[in-house]
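See below for the structure under consideration.
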Amino acid sequence: MPTNQKQKDLLLDSIVYALLFCIMLSTLYPFYYVLVVSFNQGKDSLLGGIYFWPRTFTLENYATFLTDAKWYNSLLITVARTGVGTLLGVLFTCLVAYGLSHRDLLFRKVYFTVIVFAMYFSGGLIPYYVVLRSLGLLNTFGVYVIPSMLSTFFLLIAISFFREIPIELKESAYMDGANEFVIFYKIILPVSTPLLATMALFLGVGQWNAWLDSAYFVQSDALRTLTFRMMEIINKSNIPIESVGAAASATGVTNYSLQVTSMVVSIAPVVCVYPFLQKYFVQGIMLGSVKG
Amino acid sequence: MNLNTEASLQLKANRQHQLWKRFKKQTVLHLFVGLGMLFLLIFAYTPMFGIVMAFKDYTIVTGIKGIFTSDWVGLQYFNEFVDDYRFGEIVRNTLVLSFLKVIFAFPAPILFAILLNEVRHLAFKRFVQTVSYLPHFISWVVVVGIAFSFLSADIGILNKLMVKIGLIDKPLDFLTSANYFWGLAVGSAVWKEMGWWTIIFLAAIAGINPALYEAAQIDGAGRLSRIWHVTLPGIKGTIVVVLILTIGSILGGGLVGSNFEQAYLLGNDVNNSTSEIVQTYAFKVGLADGRFSYAAAIDLIQSVISVLLIFSSNYIAKRASGSSLF
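Respectively, the protein sequence lines represent chains Z and E. For what it's worth, the working numbering labels the leading residue of the first sequence as 74, then goes sequentially. For what it's worth, the working numbering labels the leading residue of the second sequence as 24, then goes sequentially.
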C-alpha cells in the first residue's frame, strides 16, 4: 500500500513538473527568440531557421534604431512621459491622499463617495475626448501626463498607508510651527519611501507601455510613443516585408528587424524592474480588481 | 418652551461656530483634497454628464457647451445602431469573444495555482511564478509583435517549424483569417494574464489552515483528493469574488480584459468579420468618422449592460454562497 501511494505521488509529481516546465518554456522562449532575432542581420532573419542563437550576429539593428530620427524621437517621448507622468502622478496622488488621511477631516464622507463613484463609473471614450479637446490637450505632450495625474486606485492605497504613520511625528512638527505643506513635504514623504517606490514603479510601467492615448488623442508624428510606432509597423507588416529606406537597405536592416529591436528596447526596462514589485502584488491585485 | 427653543438655537449656533473653527484649522488640507476633487470633476464627472450627447444631435465644433445646448433627438442613434446592417455581426463577435475568454481564462489561473502549490522545491516554485507574470507587464503591442514573429504566414517560426516537420503543407494564416481570430485572442490573453491572476489564488491557498491537510492525510486522503476536498473548498470564496468581477467586466474581456486592444491590434480588413466588436466599432464611427453622438450611444449600450451584469452577478453570488463584493 505505501509503495503504491509512493508510485502515485511520483507520477503526480512528474505530471506537475512537466506541465510547469512547458508553461515556463512557452512564457520565456518568445522573449528569448525576440532577443536573438534583434541581434541577427535583418535580411538573414527573413529566411527563418533561427531558433537559439543569432546566425549572422550584428549590432546594426540597434545602430539603425538609435540613428533613425522617428524611432529615436519616439524613444525620447516615451522616456519623457514616463519620467514626467510618473513624478506628477505620484506627487499629486499623495498630496490629495494626505489631506484625506486625516480622520477628523470635515466632509470626509462626501469626498470618499465622490472618489468611489468615479472608480466605478466612467463616461466612456467619446465624452472624454470632447473634454480633452475643450481643454486644448489634444495633440499635446500634456495629454500623456495630465489626465493620469490622479490615480484613484493608488489614492486609496496611499490613504491607508498615511494613516499608519505615527501621529507623534506630525505633532512635534506642529509644535515647531510647521504648516501642512511643510509637514507633507518634509515629514510624510520621506517616511513613505516604500509607498512612493511602489507607486512610481506601477505608474512608470503603465506610462512606458501606453499607446492608446497616442492613438486616440494625438496626430502629430513628433509626439508618437515607442509602442505606438511599433503598432504602426506591426499593422503594416501583415503585408509582405520589404527593406526600409535606401540607406538602411545597404546594411540589411529590415522593417521586421527594426520592429523586433524596438520590442526588445521596450521589454528590457520592464524585465529589470518588475521582480521588485513582487512584494506588493497581492495587495495591489486585490484592490485593483475591485476597481474592475 | 420658549426658553427651550432659544437654548437649542444657541446650541446650534455654537456647533456651527465650532465646525467653522475646525474647517478653518483644516483649510490647507481641504485645499489639497479640493484639488483632487477638481481633477475628478473635470476628468471623470464632466464626461459622465457628457453621456447625454448620446440622446442629442451633437457636433464636435460646439465644444463642451454644445453637449448641453444641442437639440434632443431621443433614441435616434440607438435605433440607428440596431438597424445597422453590421449590428448582428458586431454584437455576436463581442459576446462570443467575451464568453470564450471567461470559459478559458477564468479556470486557467486556478489550475496553475494548484499546480504550483504541489511543487515542493521552493526555489523552483518562486522562479516559475516570477516568470509567469512577466507578460502581464508587457504592452499588448509587444505581445502582438511576438504573435507576429511566431504565427505570421511569411516569417512566423511556429508556421515554419510545422511545415518543416510535415505537420502542415503550407503556412496557416493565423493573423489574416477570420477563422483564427477568436482562438488567437483567447490564447494570447491566457498567455499574457494567467500568471498574474494566479497570485490571488496562491494567496488564498496560503491562507488555508495546514491542520486541514494533516487531518485529511490521517484520514487516508491522497494528494488528489486533498486538492479536491481541502484546497478547492478553501479557496471557494476567492473563486466566487473573482467570478463576480469577471462577469461584471465580461464585455471588456473579463479578468484578462483587453477586448478592445486585441480587436484593434489583431484585427484587420481580412478578419474583420470576426474581429469587429462594439468598442472598436464605436471608436471607428466616433473618432475616425466624427459621428460623436452615434458613437456615444453605442458606448452607452455596452456600459449599461456591464453595470447591470455586475450588480446582478453580485446579487446572485450573495444569495448562492454568501460571498459578495458589496
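Just so you know, even glycine gets a beta-carbon here, dropped at the ideal spot from N, CA and C.
**OP:** Report back the beta-carbon spacing between Z:Lys279 and Z:Met222 to the nearest angstrom; my notes put them in contact at under 8 angstroms.
**Re:** Position check: residue 279 of chain Z holds Gly in this sequence, whereas Lys was assumed. That pair is no contact at about 13 angstroms.
**OP:** Please check if any C-beta of chain E sits within less than 8 angstroms of the C-beta of Z:Gln332.
**Re:** yes
**OP:** With 8 angstroms as the threshold, decide whether the Cβ of Z:Ala91 is near any Cβ in chain E.
**Re:** no
**OP:** Show which residues of chain E have a CB atom less than 7 angstroms away from the CB atom of Z:Phe194.
**Re:** Met71
Subject >> Residue interval of the alpha helix (DSSP H) (run including Z:Pro239) >> reply: No alpha helix (DSSP H) contains Z:Pro239, which DSSP labels as neither H nor E.
Subject >> 7 angstroms Cβ shell around E:Trp219 - same chain, five flanking residues per side excluded >> reply: Tyr156 and His159
Subject >> chain E within 8 angstroms of Z:Glu253, Cβ atoms only >> reply: yes
**OP:** Flag this pair as yes or no: are the beta carbons of E:Val165 and Z:Met336 separated by less than 8 angstroms?
**Re:** yes
**OP:** Please state if the CB of Z:Ile188 and the CB of Z:Thr225 are separated by a distance shorter than 8 angstroms.
**Re:** yes
Subject >> Neighbouring residues, chain E, relative to Z:Trp431 (Cβ below 8 angstroms) >> reply: Nothing about residue 431 of chain Z can be read from this structure; chain Z reaches only from 74 to 365.
**OP:** Counting only the same chain and skipping the five closest in sequence on each side, list residues whose C-beta sits under 8 angstroms from that of E:His252.
**Re:** Ala239 and Ala244
Subject >> Contacts that Z:Pro342 makes with chain E (C-beta to C-beta distance below 8 angstroms) >> reply: Result: empty, since nearest Cβ-Cβ is about 10 angstroms, beyond 8 angstroms.
Subject >> Cβ-based neighbour list, Z:Leu198, same chain, cut-off 8 angstroms, excluding 5 preceding and 5 following >> reply: Tyr289
Original post:
What span of residues does the alpha helix (DSSP H) with Z:Ser147 cover, start to end?
Top reply: Ala142 to Leu173
Subject >> Selected residue, minimal CA-CA separation from Z:Ala170, among Z:Pro127, Z:Lys143, Z:Asn146 and Z:Phe235 >> reply: Z:Phe235
**OP:** Could you spell out where the alpha helix (DSSP H) holding Z:Leu276 opens and where it closes?
**Re:** Thr266 to Asn282
Original post:
Which residue's Cα is closest to the Cα of E:Val125: E:Asn102, E:Leu274 and E:Arg109?
Top reply: E:Leu274
Original post:
What's the C-alpha gap between Z:Ser316 and Z:Lys309?
Top reply: Note that Z:Ser316 has pLDDT 42, beneath the 50 cutoff, so the model's placement of it is unreliable and the number below is only indicative. So the two alpha carbons sit approximately 13 angstroms from each other.
**OP:** Could you tell me if E:Trp163 is buried or exposed, where buried requires 16 or more neighbouring beta carbons within 10 angstroms of its beta carbon?
**Re:** buried
**OP:** Report the three-state DSSP secondary structure of Z:Trp126 (helix, strand or coil).
**Re:** coil
Original post:
Less than 8 angstroms separating the beta-carbons of E:Met71 and Z:Gly158?
Top reply: no
Original post:
Hey, out of Z:Asp82, Z:Tyr124 and Z:Lys182, whose CA is closest to E:Val56's CA?
Top reply: Z:Lys182
**OP:** Look at E:Tyr304 and E:Ile113 and say whether their C-beta atoms are less than 8 angstroms apart.
**Re:** yes
**OP:** State yes or no: is the C-beta of E:Thr297 within less than 8 angstroms of the C-beta of E:Asn116?
**Re:** yes
Original post:
If you draw a straight line from the alpha carbon of E:Asp177 to that of E:Gly111, how long is it in whole angstroms?
Top reply: 33 angstroms
Subject >> Own chain partners of Z:Ile238 with C-beta closer than 7 angstroms, once the 5 adjacent residues on each side are dropped >> reply: Ile261 and Val264
**OP:** Answer with buried or exposed for Z:Phe275, where buried requires no fewer than 16 other C-beta atoms within 10 angstroms of its C-beta.
**Re:** buried
**OP:** Report the option in E:Gly168, E:Ile321, E:Ser316 and E:Leu289 whose CA atom is closest to the CA atom of Z:Gln332.
**Re:** E:Gly168
Original post:
What is the DSSP secondary structure of Z:Asn134, counted as helix, strand or coil?
Top reply: helix
Subject >> Proximal chain E residues relative to Z:Ala246, where beta-carbon distance stays under 9 angstroms >> reply: The contacting residues do not exist; Z:Ala246 stays about 13 angstroms from chain E at best.
**OP:** Taking only the alpha-carbon atoms, compute the straight-line gap between E:Asn295 and E:Val119 and give it to the nearest angstrom.
**Re:** 14 angstroms
**OP:** Taking the CB atoms as reference points, tell me whether Z:Ser99 and Z:Val110 lie closer together than 8 angstroms.
**Re:** no
Original post:
With a CB to CB cut of under 6 angstroms and the five nearest residues on each side skipped, what residues in its chain are close to Z:Phe227?
Top reply: Thr166 and Met272
Original post:
Measuring CA to CA, which of E:Glu299, E:Val265 and E:Ala67 is closest to E:Ala340?
Top reply: E:Val265
Original post:
Would you say Z:Pro313 reaches chain E, if we count a Cβ-Cβ gap shorter than 8 angstroms as a contact?
Top reply: Because Z:Pro313 carries a pLDDT of 44, less than 50, the predicted location of this residue cannot be relied on, and the following value inherits that uncertainty. Cβ-Cβ to chain E under 8 angstroms: yes for Z:Pro313.
Original post:
For the alpha helix (DSSP H) that E:Ala170 lies in, which residues bound it at each end?
Top reply: Trp163 to Leu174
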